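Here's the structure, in structure tokens; my notes come after.
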Amino acid sequence: MLFTSYEFIAFAAILLLLYYILPKTAQKYVLFCGNMIFYAVTGWQNLIFLFVTICTTFGAALWVDKNLKAQKEQLALHKADWDREQKKAYRSGEKTKRKMAVAIAAIVNVGLLAFVKFPHTQFQFLMPMGISFYTLMSLGYLFDVYRETQEAEKNLFRYALFVSYFPQLVQGPISRFNELSETLFKEHDFEGKNITFGLYRILWGFFKKLVIADRLAVAVGTISGDFGTYHGSYIFLEMFLYTIQLYADFSGGIDVTIGLSEMFGIHVTENFIRPYFSKSLKEYWRRWHITMSTWFRDYLFYPISITPWMQNLSRFLRKKCGERVGKRLPVYLASFIVWAVTGIWHGTTSNFIVWGIINWFILMVSEELEPLYEKFHARFIPASRRGWQAFMVLRTFTMLCFLKLFDCYATAGEVFRAFGSAFSEPNPGEVGANLFSLGLTPWDYLVAGCGALLMLGVSLLQRRESVRLQLSKKPFALRAAVGMGLFLVTLIFGAYGVGYDASQFIYNRF
Amino acid sequence: MDTRKEVLEILEELHPDIDFETEKSLIDDKVLDSFDVVTLVTELGSAFDIEITAADMVPENFNSLDAMTEMVENLLAEF
Amino acid sequence: MERTVNEKKKTGIRIVAVFLILVFILFLLQRLFVPKYMGDVIEGRFVGEYYREEDKSFDVIFVGDCEVYENFSPVVLWQDYGIHSYIRGSAQQYIWQSYYLLKDTLRYHTPKVVVFNIQSLQYDESQSEAYNRMTLEGMRWSPAKVDSIRASMTKEEHFIEYVFPLLRYHDRWNDLSDDDVRYMFRTEPATFNGYYMRTDVLPAENVPEGRPLEDYAFGDRAWEYLEKMRLLCEENGITLVLTKAPSLWPYWYDEYEKQVEEYASAHELTYINFLELQEETGIDYSTDTYDGGLHMNLTGAEKLSRYIGPILLKAGACDRRNEAGLAKIWEEETVRYNAAAGRMVLVPGKIRMGAPYCN
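Residue numbers (the working numbering), protein chains in the order written: chain A, 1 to 510; chain B, 1001 to 1079; chain C, 2001 to 2359.
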């Protein structure tokens, strides 16, 4: 069920209605049923995958929790008769047990994910919706319990509700248990503000998805689908349009998720903070798909980089190659692993893996060049100058355009071939002449362009405070007009449905 | 031995340009990034002979000099 | 306390107001965006025109695709035989659509005779979304329309897009013309009791033979609906007459013919294949077709009407020229008809054969 389908809108509307007309105690059951239906319509076998994940992580977390309590009791019991060494040995023994339990659950779930994601197997059709997202969510919870920063959830139903929460199944965000559970399990009063704020957010999401992303997708699809015809300067057009498309689509989807949750009275973490205004790739990764990058940081990068093995390596390198190398190399190594995994998580084909590694490479190089930059700024242009900042933003955006191209082709080889052709076979004249035969009319470009400008304008407005908050202080007539306008514009200018082609309606006299 | 002073020394060696006495939200304001945190964990770990785990790597523990000092002292007390 | 009640009231009024304004705007937009079929393509107007008829007590109803609405002239049937008839035809009308159009027609009046052209038996499922639209959108809402939509939808279609055609036609924003504003609420009639008049001539030449098919058997679904139509007629005491228009193309295979003949004789239905009646009807493919033998022009349609008139009378239709009310309606229709045909003779009553065309 796509967000931009009639079924989803009807489904969400019915669910909302039930959510608020039934007694408040029923709210979580309504949501749970919603989750299950949402899953089941994509294929009943998906429910099996989901429940394997729910049960293994829930069970492992519960076991860890139980073990921790038992350990505490044992230690209290033997407070007097065990010496320090005994206690330490016992503690580390128990910890190993917990580690094993967590490892088994993690291996099962990562294995499941790898199994369905691995390309060219006969099981490809199984690919359960949202498995990439809910696997990370449930593992994050399990790791938190293991780290003793999170109490284990004792109620399987509540836990299942968290993992399967349907609005975030399609595109994320990857919520943390402690954050989402705060509002997810509560009973919610019907509040006008939640409804209107949520509705505005959803409308905005639909606008971004339907008016901008789905329209640009046509041209991007035409170019990426036929390299033989569309190469050379087409590639620049492709990466530029795709960069806009991806943000409109992804952040639009997140808007729908957050807005719909808001209507349920549930708070979901933000996933984007105007990422295309970043001044460096490093900053970009703090502002784009935030819940994913923080997940990989907290549960992969940190643990890997502080393993005893890494620390030993660091000490060894410091002795042999000096302070600087000793300090940095292990971190870069850990970072490399994380980026490779991030790439694989996006997709198991070579383009995604290379994409991850290139991200890592750029981050590492800019880290290494940092002192050079500082010298440059001290001598020439101060980094704080506005013109320089604008240049940095543009530079980062251009770099992102190149990086995003990795999504557009099936293998890394094809992406590099496209890069090569972009520079070696310039044909801007041809691109200009064919601009309107890529599936978009001049009108389409105009609509998408205006949409993108509106998106840019809203981003600029957002810097002060949420646009909806600003809007809520305006007179009712204006608020209503903005809402209606957004709805009508999306309704008419959205690229959905069969599409009207007058020539279809010319009766061909048969 | 003054823990705070030792932590400050490590910090200043890492980032001589930052005034750690006044900064109170090093992580939240993105003054320190994840690379710095990892380096710090290694440094503090070997300087004080403590084991800082991933669970300790949360913003609250690294936002200020005092927070880091407190974390180190807590970990020292465990042993 | 009173204040919060007032606040609530205010919010309620605001919500209702916004809702009403939105509905009104959507209504206007929908009227603006749906195609008006006022240009080259006019077939989308046919189905809806039926509801404008003053006197729906038609004795004969034709259902089917272009092979009915371009081949029979109700005006001639009235003038020569006093038959009050209407053609519920539309472009590429599939058999289930014909069935539900007939059902829809029965909501207003039960005719004596129904003529169905069996050309559409060869389609077992809808071929094109655009044709679905042109047939279905003109229908008024009734269970028959709902069933017809369900039976017709192709894979990528959604029922809700029939309920709110704006969802289907929203993309026309860069295609809107003056006509969309001018005919927002009412279009001009396109047909004469469902008959689409063409007066131009394109002689039939070198009509190709049909290519051999793998399978000539009509599909189960097509048969199912023919059977349904037959039973519906039987239940309502209607005589069902089957026809095959004299179209040289698409090719009518002998294997098709055999299946229809068998069905007709098994159920004692009259079946007229005009392809075999060239002599009797006097159809001349060098003058009576406007597109090289695919469809009849005015002279061809009038010839077919004269041939089928007596058969319809025999099947139960009657001469109603003595009904003053009807006569008046037909008089007006004839004036319009003759004007459109460009005939010099504008006298209602008898039309001279071979009258010179002015255009």
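Heads up, the beta-carbon is just placed ideally off N, CA and C, and yes, glycines get one too.
Small disclaimer: the values here were computed from a predicted structure and weren't measured.
Item: For C/S2085, the first and last residue of its enclosing beta strand (DSSP E); Value: 2085-2089
Item: Same chain only: Cβ atoms within 7 Å of C/V2146, ignoring 5 sequence neighbours per side; Value: none
Item: Length of the line joining the Cα atoms of C/R2150 and C/Q2093; Value: 15 Å
Item: Top-ranked residue by Cα proximity to A/G172, from A/D249, A/I9, A/G232, A/D189; Value: A/D249
Item: Simplified DSSP state of C/F2218, which is helix, strand or coil; Value: coil
Item: Chain-ordered chain B contacts of A/L314 [CB-CB under 8 Å]; Value: It is Ser, not Leu, that sits at residue 314 of chain A in the sequence shown. Going along chain B in sequence order, the residues near A/S314 (Cβ under 8 Å) are T1042.
Item: The segment 2026-2033 of chain C touching the segment 2058-2067 of chain C, judged by at least three CB pairs closer than 8 Å; Value: no
Item: Close-in-space but distant-in-sequence residues of the same chain around A/A61 (CB under 6 Å, 5 per side omitted); Value: L142, V145, A152
Item: B/N1061, buried or exposed, once every other Cβ within 10 Å from all chains shown has been counted against 16; Value: buried
Item: C/G2064: first and last residue of the uninterrupted beta strand (DSSP E) it sits in; Value: 2060-2064
Item: Three CB pairs or more closer than 8 Å across the segment 2066-2085 of chain C and the segment 2301-2308 of chain C; Value: yes
Item: 9 Å Cβ cutoff met for A/V170 and A/L50; Value: no
Item: Straight-line gap, C/E2049 to C/M2038 (C-alpha atoms, nearest Å); Value: 13 Å
Item: As assigned by DSSP and simplified to three states, the class of A/F272; Value: coil
Item: One or two residues paired with C/N2273 in a DSSP bridge; Value: C/K2244
Item: Identity of the residue in C/T2270, C/S2286, C/D2254, C/N2297 nearest C/P2212 by Cα; Value: C/D2254
Item: Of the residues A/L216, A/I357, A/G265, A/P371, the one placed nearest A/L180, counting alpha carbons only; Value: A/G265
Item: Chain-ordered neighbours of A/S472 on chain B, where CB pairs are closer than 7 Å; Value: Per Cβ cutoff of 7 Å: no residues; A/S472 is ~27 Å from chain B at best.
Item: C-alpha gap between A/H231 and A/E430, whole angstroms; Value: 10 Å
Item: Three CB pairs or more closer than 8 Å across the segment 1062-1074 of chain B and the segment 1021-1033 of chain B; Value: yes
Item: Complete runs of the alpha helix (DSSP H) confined to the segment 183-216 of chain A [at least 4 residues]; Value: 192-206
Item: Backbone CA spacing between A/A213 and A/L333 [nearest angstrom]; Value: 36 Å
Item: B/F1020 - DSSP class collapsed to helix/strand/coil; Value: coil
Item: Environment of A/A477 [buried if 16+ CB atoms lie within 10 Å]; Value: exposed
Item: Beta-carbon proximity list for A/W204, same chain, < 8 Å, skipping 5 on both sides; Value: G252, D255, G259, V458, L486
Item: Beta-carbon gap between C/S2098 and C/Y2225 smaller than 9 Å; Value: yes
Item: C/N2117 (DSSP reduced to helix, strand or coil); Value: strand
Item: C-beta neighbour in chain A for B/D1019, strict 9 Å; Value: no
Item: Proximity below 9 Å, CB of A/E367 to CB of A/R328; Value: yes
Item: Proximity test, Cβ basis, 9 Å: B/V1031 and chain F; Value: As a matter of chain content, chain F is missing from the structure shown, whose protein chains are A, B and C.
Item: Delimiting residues of the alpha helix (DSSP H) encompassing A/L460; Value: 442-462
Item: Coarse secondary structure for A/M129, derived from DSSP in three states; Value: coil
Item: Simplified DSSP state of A/T243, which is helix, strand or coil; Value: helix
Item: Neighbour-count burial assignment, A/A106, 16 or more Cβ in a 10 Å radius; Value: buried
Item: Meets three-Cβ-pair contact criterion under 8 Å: the segment 2100-2111 of chain C and the segment 2131-2143 of chain C; Value: yes
Item: Alpha carbon of C/V2113 to alpha carbon of C/G2309, nearest angstrom; Value: 12 Å
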